[in-house]
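In what follows, a single structure is set out as structure tokens and then discussed.
There are 4 protein chains.
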Amino acid sequence: MAKTSNKKELILTSAYRVFKENGLEDTRVSQIVKEAGIAQGTFYLYYNSKMDVLPDLAQQIISNYTQYLEEHGDIEAGLDYNLRLAIDRIFEANQEDRTIPSIVYAGITRSGDIDKWDLIYRPLYDLVANYLEAAKKNGEIGTDISANYYSEFIISLIESTARGLILFQQSPEEIEKYKEELSSFILNAVYWTPVKVI
Amino acid sequence: MAKTSNKKELILTSAYRVFKENGLEDTRVSQIVKEAGIAQGTFYLYYNSKMDVLPDLAQQIISNYTQYLEEHGDIEAGLDYNLRLAIDRIFEANQEDRTIPSIVYAGITRSGDIDKWDLIYRPLYDLVANYLEAAKKNGEIGTDISANYYSEFIISLIESTARGLILFQQSPEEIEKYKEELSSFILNAVYWTPVKVI
Amino acid sequence: MAKTSNKKELILTSAYRVFKENGLEDTRVSQIVKEAGIAQGTFYLYYNSKMDVLPDLAQQIISNYTQYLEEHGDIEAGLDYNLRLAIDRIFEANQEDRTIPSIVYAGITRSGDIDKWDLIYRPLYDLVANYLEAAKKNGEIGTDISANYYSEFIISLIESTARGLILFQQSPEEIEKYKEELSSFILNAVYWTPVKVI
Amino acid sequence: MAKTSNKKELILTSAYRVFKENGLEDTRVSQIVKEAGIAQGTFYLYYNSKMDVLPDLAQQIISNYTQYLEEHGDIEAGLDYNLRLAIDRIFEANQEDRTIPSIVYAGITRSGDIDKWDLIYRPLYDLVANYLEAAKKNGEIGTDISANYYSEFIISLIESTARGLILFQQSPEEIEKYKEELSSFILNAVYWTPVKVI
DNA sequence: AATGAATGAGGCTTCATTCAT
DNA sequence: GATGAATGAAGCCTCATTCAT
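Protein chains in written order, with full-length UniProt numbering: chain A, 1 to 198; chain B, 1 to 198; chain C, 1 to 198; chain D, 1 to 198.
Structure below.
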């Protein structure tokens, strides 16, 4: 028991695969259900349209970032390390699945209630804000920066840059360069100075 | 002179209005031509699909930014002034027309050739890069920052923040606060210090 | 005793309500069962389709007429009195529930076997025929009229006139006028003359 | 020119045929367009649904009655003659096309505006009312009957009786008997007496 | 170049019906 | 008998696109 109807799970997994394969516009509900191995009508028991699953997918994607950073981040390792971790992860995810920006973008835009977005991004924002607070205490960064606002800026910037690189189809070398510059841009923004290891 | 087929102009104007009204997905070619007062078939003389007009609209939107900054910006007035000008303008435009992010996003994403994006954004990037270079010379900002990369980051960040505020439907006060923080974030990122007026 | 499956009762009551609310075409089995508070599958234990309940509803409706006339009619009171009773009742019912004509119409049309109609209407026809026979004996009406045929005509006429008034959405005054004229039309048809009270 | 788009005509003709063949419920738009030899989408240029064509068909049917009576009726021939003509015609039409009652019934019920019904039936009502007025002048019938109300009753009665006979699937003999009785019922209702031929 | 009636492919969605529990 | 999640057939209807005028 507690199966809690795994149909929704199936739909989500399948939808993600199909969206990734065909893009948002060219995805058909019929493909999603075929991949999921369920009946066409079953889809509509859980979602009203293919676009209706996007918020759920967006949540998964962003949650993955958060989860990754929670697992691999190390507050002791310094802000630059953790920032680089975030950049690498987000760039990598976008590289691997070029439809991520569209899913997240559309998922949020279409999500009727605004709270949904907050719900999706809040954990990630909080995580980054925590890093910033720790760095403040640590003396790594300026104490007058606003962790809440800056965490949003940082995430936004990483995401939009990652998206841009995909659109531009930059070379691996160029991507590496962007990472460097982006990292420095953000660290500058928070007055970062290398933590002194005594 | 340059009648340049005012039909295309009509389509563009009409499409913008309809997209703004109904959103990208729910816009129909039939609505665009109705608003434009032209025949259904005429549309296809100029564009292949409704999405095909998005790059042109995106170009208009971004060009407006550039144009505005060229007209109102003042390289003598210091980077902070010009930055604030850009922030104000972009925020305002997004506030007034909440469909701008989608148009630009989709316009660029769907634009077959990547060069199109560069074509659209290059003048704006260059403009900001010029400000940065001037500020470097001016001693306002650090000389080791890369104007080319940073200009992209700056524009991206302003745009994505503006979009976020719309989705969140923030209050005017909150928006003002965001502008302040965003401005400081960016100025920090370039090591900005107030220019000394002697 | 005779619990006779109160589920069927529930379905009938619910179906009537939903038909009345949404009309025959726009009624869904899912709505009926929801209103009835029973499971979707339960419906099919008693009826094969939503249309399948119509004959039962029609029977209820027509039975109500018969029952009312049996209770309130008075064979001593003269044909005109009882006729007026029938007109009032049928008009009133149609006024109150504008979907009656459709239910009866469709209920009968779709009722596979023709005998069903007879089954539904026979008691009412017989009742009216009895009135006519009594009036014949009474000298109220001509003796050469055929009670069987005329009773059908009378009921048909009252029902179709009632329906027409609903479609036309006549005013209460106009409805009253119709009743008068209809009454006189029918009484004429049977050569009615006021019964002489000595 | 002045083709005035014969597509609508095609749809109407085809729809009638298909409705007659399959009944209202079991008719598919796809069948109508196939019979009409037009594209599926073309149908929706003229009607919103299959039910949407019913008012137009109802109008045709009722107009046919009127037209027939105008052509074959003879005001000089006495009310009984013309009444019988109407009965014969309406019975015959219903016999030949058993879907007529449903078309007319549904066509009128669904016709959004009430005026439509009046528009459809008015000419027929007026025609019968004219017969009644002529008969009044002629001394054939009572002068105190209301031509307007009675004409509606007469048409209603003929139509509903014709419909009933179809549902009952009466034998030709029985139908003939009904005609006789119906005719006498109506003539009684108007106090008809044979016109004296001197 | 402009028109707009006509096209028709095909995705969407419903909803009656089933059946394992 | 009762349940209701799941089914999937199939009709609806849109809407981009065409093409004769």
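Every residue gets a Cβ at the ideal spot worked out from N, C-alpha and C, and that includes glycine.
- An exposed status is given to tyrosine 44(C), since fewer than 16 other beta-carbon atoms sit within 10 Å of its beta-carbon.
- Under the 10 Å beta carbon count, glutamine 59(A) is surrounded by 16 or more other beta carbons and is classified as buried.
- Annotation for aspartate 80(A): the continuous alpha helix (DSSP H) segment containing it runs 79-96.
- Per the coordinates, the alpha-carbon of arginine 89(B) lies some 17 angstroms from the alpha-carbon of isoleucine 103(B).
- Relative to methionine 51(D), the option among Gln40(D), Tyr65(D) and Glu25(D) whose CA is nearest is Glu25(D).
- In this structure the region 63-73 of chain B does not touch the region 25-40 of chain A; the number of beta carbon pairs closer than 8 angstroms is below three.
- Any Cβ of chain D closer than 8 angstroms to the Cβ of phenylalanine 185(C) would place that residue at the interface, and such an atom is present.
- Going by C-alpha positions, arginine 163(D) is about 24 angstroms away from aspartate 115(D).
- A straight line joining the alpha-carbon of leucine 132(A) with that of glycine 78(A) spans about 10 angstroms.
- Within chain A, the residues placing a beta-carbon under 8 angstroms from that of glutamine 169(B) are Ile114, ordered along the chain.
- Judged by their CB atoms, phenylalanine 185(B) and threonine 161(A) are not nearer to each other than the 8 angstroms cut-off.
- Contact with chain B is absent for glycine 37(A), since none of that chain's Cβ atoms lies less than 8 angstroms from the residue's Cβ.
- For the C-beta of phenylalanine 153(A), the chain B residues within less than 8 angstroms are, from N- to C-terminus, Leu157, Thr161, Glu181, Leu182 and Phe185.
- Taking a Cβ-Cβ cut-off of 9 angstroms, the neighbours of valine 190(B) in chain A comprise Phe185, Asn188 and Ala189, given in sequence order.
- In the structure shown, serine 49(A) falls within a coil segment according to DSSP collapsed to helix, strand and coil.
- Residue environment analysis places glutamate 140(D) among the buried positions, since at least 16 neighbouring C-beta atoms fall within 10 angstroms of its C-beta.
- Threonine 99(D) sits close to lysine 20(D), with the two beta carbons spaced by under 8 angstroms.
- At a cut-off of 8 angstroms between C-beta atoms, glycine 107(A) does not count as an interface residue with respect to chain B.
- Straight-line spacing of the CA atoms in leucine 157(B) and tyrosine 150(A) works out to 11 angstroms.
- Isoleucine 11(C) places its beta carbon less than 8 angstroms from that of tyrosine 46(C).
- When the beta-carbon positions are compared, asparagine 188(D) and asparagine 188(C) come within less than 8 angstroms of each other.
- Neighbours of tyrosine 150(C) in chain D, taken as residues at a C-beta separation under 8 angstroms, are given in chain order as Glu181 and Phe185.
- Unbroken alpha helix (DSSP H) stretches of 4 residues or longer found wholly inside the region 125-149 of chain B: none.
- For serine 49(A), the number of other beta carbons within 10 angstroms of its own is below 16, and it is reported as exposed.
- Only buried fits serine 14(B), as 16 or more other CB atoms lie within 10 angstroms of its CB.
- Between leucine 69(C) and serine 183(C), the CB-CB gap reaches or exceeds 8 angstroms.
- Inter-residue distance for glycine 142(B) and alanine 134(B) is about 11 angstroms (C-alpha atoms, whole angstroms).
- The Cβ-Cβ distance between isoleucine 120(B) and leucine 167(A) does not fall below 8 angstroms.
- With a contact defined as Cβ atoms closer than 8 angstroms, leucine 165(A) and alanine 106(A) miss out at about 20 angstroms.
- In the three-state DSSP reduction, aspartate 118(C) falls in the helix class (H, G or I).
- The DSSP-derived three-state label of aspartate 74(D) is coil.
- Shown here, tyrosine 191(B) sits in coil according to DSSP, grouped into three states, outside any helix or strand.
- Per DSSP, arginine 28(C) is not a residue of any alpha helix (DSSP H), being assigned neither H nor E.
- Close to tyrosine 178(D), with beta-carbon spacing below 8 angstroms, are these residues of chain C in chain order: Tyr149.
- Sequence-distant Cβ neighbours of tryptophan 192(D) in its own chain, meaning closer than 7 angstroms and more than five residues away, are Leu79, Asp80, Glu140 and Ile141.
- Assigned with DSSP and collapsed to three states, isoleucine 38(A) falls in coil, not helix or strand.
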